[in-house]
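Report on the structure given below.
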Amino acid sequence: MNRREFSVAFGAFALGAAAGSNRAAAQEGTKTPFSRNTVVDIAREMAKKPFDPPQPVPNSFANLSYDDHRKIRFKKEQALWAGNNRGFTVELLHAGFVVKSPVEIYKVEDGQAEQIAYSPDYFDFGGLDVQPPPPGQPMFSGIRINAPINVLHHFDEVVVFQGASYFRGVGANQLYGISARGLAIDTGEPTGEEFPFFRSFWIEEPPVDSKTITVHALLDSKSVTGAFSFVIRPGASTVLDVEAVLFGRADVNHLGLAPLTSMYLFDARERDRFDDFRPAVHDSDTLTVARNTGEWIMRPLANPKTLQISAFVEKDPVGFGLQQRERDYEDYKDLEARYELRPSAWVEPKTPWEEGHVQLVEIPTDLETNDNIVAFWHPRKRLKRGKEMSYGYWLTFGPPIVNQRIARVAESRMGMSVLRKRRQFIVDFDPPIENGVPVYLGSDVEPQVTASSGRIEHVVGRHNPMTGGYQVSFEMDTTDVELSELRLVLAHDGDQISETWLYRWTA
37 MNRREFSVAF GAFALGAAAG SNRAAAQEGT KTPFSRNTVV DIAREMAKKP FDPPQPVPNS
97 FANLSYDDHR KIRFKKEQAL WAGNNRGFTV ELLHAGFVVK SPVEIYKVED GQAEQIAYSP
157 DYFDFGGLDV QPPPPGQPMF SGIRINAPIN VLHHFDEVVV FQGASYFRGV GANQLYGISA
217 RGLAIDTGEP TGEEFPFFRS FWIEEPPVDS KTITVHALLD SKSVTGAFSF VIRPGASTVL
277 DVEAVLFGRA DVNHLGLAPL TSMYLFDARE RDRFDDFRPA VHDSDTLTVA RNTGEWIMRP
337 LANPKTLQIS AFVEKDPVGF GLQQRERDYE DYKDLEARYE LRPSAWVEPK TPWEEGHVQL
397 VEIPTDLETN DNIVAFWHPR KRLKRGKEMS YGYWLTFGPP IVNQRIARVA ESRMGMSVLR
457 KRRQFIVDFD PPIENGVPVY LGSDVEPQVT ASSGRIEHVV GRHNPMTGGY QVSFEMDTTD
517 VELSELRLVL AHDGDQISET WLYRWTA
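Everything in the sequence shown is counted per this note's numbering, starting at 37 for the first residue and increasing by one.
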């Protein structure tokens with residue numbers, strides 16, 4: 037998915053807040069009682085009706101170029117609750133370009149919901165000569181939430197909802213990178229992916245000097261409807277408390293909960309494939325899975341030559357995420373993109389998610405404008421037509437979440453071993469931290485390496501005096517090997533003392 041086209045939005049949906057009525061048109065300017073159950077009831081009733089495709093915006097906006105669409109700016113003085121000491125302001129985003137289908141937006145004050153009517157007065161059109169939309173035409177594409185996350189009394193972006201069911205977030209002093217979605221359906225399947233989308237948003241007025249803001253969203257697609265609630269708490273890490281209820285409009289066999297989408301072009305392992313001035317280009321470099329056994333799995337991401345799909349089977353996962361572990365300017369040397377400032381995203385279930393697997397999809401790409409990495413939880417339990425599924429999780433945007441009590445993978449590199457014509461791998465670990473002090477890893481540490489195909493040779497582990505950590509090098513004979521699953525752990529006295537490094541090597 038092209039990053040410039042990441043916000044592929046879908047449709048407007050007129051709805052009433054009364055329980056049992058999902059198609060009653062809301063009158064702009066009227067107020068109706070609202071609670072989270074309002075959205076749940078609407079989604080439940082919607083699932084009983086045939087799917088109604090969204091209607092696009094007028095061509096005068098749908099045909100805008102990327103640069104022209106960017107000229108349309110929301111007037112900050114028009115933001116919801118601007119100057120009201122609520123701790124947050126909310127800006128409305130304009131539909132157009134690839135964001136062709138608008139959404140309806142409601143503000144909720146004192147338990148009463150009121151639809152926000154579109155007006156061109158909300159926006160500065162930057163000199164664009166476009167035909168105005170007809171009266172009553174919804175033209176909002178999403179919302180931008182601002183809070184004083186970096187500087188006191190200065191409101192910066194913290195979360196944006198725009199396009200399909202996409203949303204993004206940042207912690208303090210970070211730049212947007214990785215995206216999340218409300219739901220994924222049939223991702224990586226040969227039949228093609230179905231993209232659920234948010235039709236409507238309800239934004240609750242925060243109390244004075246509030247530290248959180250709550251957004252509700254109505255999700256729709258051919259197969260599923262859903263009600264989502266997001267309680268957003270900005271900070272050094274921005275945390276979203278997510279509650280979701282899904283309703284099956286049809287049987288869904290391949291459901292993706294808490295999906296994450298990112299970009300990985302190259303790192304040291306693929307450097308020879310790209311003629312680029314930078315040593316690395318990616319929004320995320322690692323998939324991390326915290327298992328309920330206490331094991332932490334670390335899988336370096338790859339930009340493969342062919343589509344790769346991996347599954348990490350689990351029951352009741354502790355958490356998973358796509359992380360940006362390389363966090364120094366020298367890792368990228370790009371003053372414009374500043375990839376070292378991109379957030380990691382971590383999903384932590386609030387209740388047991390039972391059996392399933394974390395699925396990783398890696399898609400070949402030659403451009404950093406393409407999002408080519410997807411990770412999500414695929415439950416073993418299927419969502420059937422007429423049934424519902426409830427779940428909740430915390431989603432954290434910020435620095436990578438790691439287990440400092442064990443050795444953690446800091447860097448993975450590979451290349452040709454010239455003397456022996458083998459693939460050589462170098463994996464560096466950061467040491468465990470005990471009582472705030474790094475643990476020395478020396479000759480009593482045993483590196484354990486296995487491969488599903490190919491022969492592992494010349495395994496060497498040693499303390500790394502340059503980093504204070506531990507380095508493992510090994511070679512693999514890849515003769516007649518097309519694919520091999522590699523596994524590396526550090527052990528001491530028979531006990532694992534590190535993350536589990538996994539890597540899929542392909543010819």
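Every residue gets a Cβ at the ideal spot worked out from N, C-alpha and C, and that includes glycine.
If you draw a 10 Å sphere on the C-beta of Ile345, you find fewer than 16 other C-beta atoms in it, and that means exposed. Only exposed fits His189, as fewer than 16 other CB atoms lie within 10 angstroms of its CB. At a Cβ-Cβ threshold of 8 Å, Leu301 and Asp321 do not count as neighbours. Taking 3 residues as the shortest admissible run, the stretch 335 to 406 contains the following complete beta strand (DSSP E) segments, listed from N- to C-terminal end: 344 to 351, 355 to 359, 380 to 385 and 391 to 398. Cβ-Cβ separation between Gln360 and Asp312: approximately 18 Å, too far for a contact (criterion under 8 Å). Beta bridge pairing from DSSP links Ala487 with Leu522. The beta-carbon separation of Gly284 and Thr223, rounded to 18 Å, does not stay under the 8 Å limit for a contact.
By the neighbour-count criterion, in which a residue is buried when 16 or more other Cβ atoms sit within 10 angstroms of its Cβ, Gly199 is buried. Here DSSP, grouped into helix, strand and coil, assigns Arg307 to helix.
Only residues of its own chain outside the window of five on either side were considered, and among them Thr514, Val517, Glu518 and Leu519 have a CB closer than 8 Å to the CB of Ala543, listed in chain order. A distance of 8 Å or more separates the beta carbons of Ser273 and Phe124. Cβ contact annotation for Lys247 (same chain, cutoff 7 Å, sequence separation greater than five): Gly123 and Arg269, in chain order. Leu164 and Tyr154 have their C-alpha atoms spaced approximately 18 Å apart. Secondary structure at Val445: strand, using DSSP grouped into helix, strand and coil. The stretch 419 to 428 makes no contact with the stretch 229 to 247: fewer than 3 CB pairs, one atom from each, lie closer than 8 Å. For the pair Arg498 and Asp370, the Cα-to-Cα distance works out to about 32 Å. The C-beta separation of Ala79 from Val281 comes to about 7 Å, placing the pair in contact by the 8 Å criterion. Apart from the 5 residues on each side of it in sequence, Thr261 sits with its Cβ closer than 8 Å to the Cβ of Ala79, Arg80, Met82, Ala83, Leu254, Leu255, Leu282, Phe283 and Arg285 in its chain, given in chain order. Within the same chain, Arg72, His252 and Glu279 come within 6 Å of Ser265 by CB-CB distance, once the 5 residues on both sides are set aside. Asp160 and Lys112 have their alpha carbons spaced roughly 10 Å apart. Around the Cβ of His130, a 10 Å sphere holds 16 or more other Cβ atoms; the residue is buried.
Going by beta carbons, Val275 and Trp389 fall outside the 8 Å limit. Following the DSSP letters along the chain, one finds Arg80 inside the alpha helix (DSSP H) bounded by residues Arg72 to Met82.
Straight-line measurement puts the Cα of Pro232 at about 12 Å from the Cα of Pro90. The stretch 132 to 151 makes contact with the stretch 95 to 105, as at least three CB pairs between them are under 8 Å. Between the stretch 446 to 454 and the stretch 404 to 415, the count of C-beta pairs closer than 8 Å stays below three; the two stretches do not touch. In the three-state reduction of the DSSP assignment, Ser453 falls in the strand class, which pools E and B. Taking the C-beta atoms as reference points, Asp466 is found no nearer than 8 Å to Gly530. Residue range Ile409 to Pro415 is occupied by the beta strand (DSSP E) that includes His414.
Taken atom to atom, the span from the alpha-carbon of Val195 to that of Ser488 is near 42 Å. Between the C-alpha atoms of Gln532 and Pro243 there is a straight-line separation of about 48 Å. Here the alpha carbon of Val354 sits roughly 12 Å from the alpha carbon of Asn439. The residues Ala115, Phe124, Thr125, Val126, Glu127, Phe191, Asp192, Glu193 and Val194, in chain order, have a CB closer than 8 Å to that of Asn182 in the same chain once the five nearest residues on each side in sequence are set aside. The distance from the Cβ of Leu358 to that of Ala381 is about 6 Å, consistent with a contact at the 8 Å cut-off. DSSP places Arg458 in the uninterrupted beta strand (DSSP E) bounded by Arg458 to Asp466. Taken atom to atom, the span from the alpha-carbon of Pro168 to that of Phe176 is near 13 Å.
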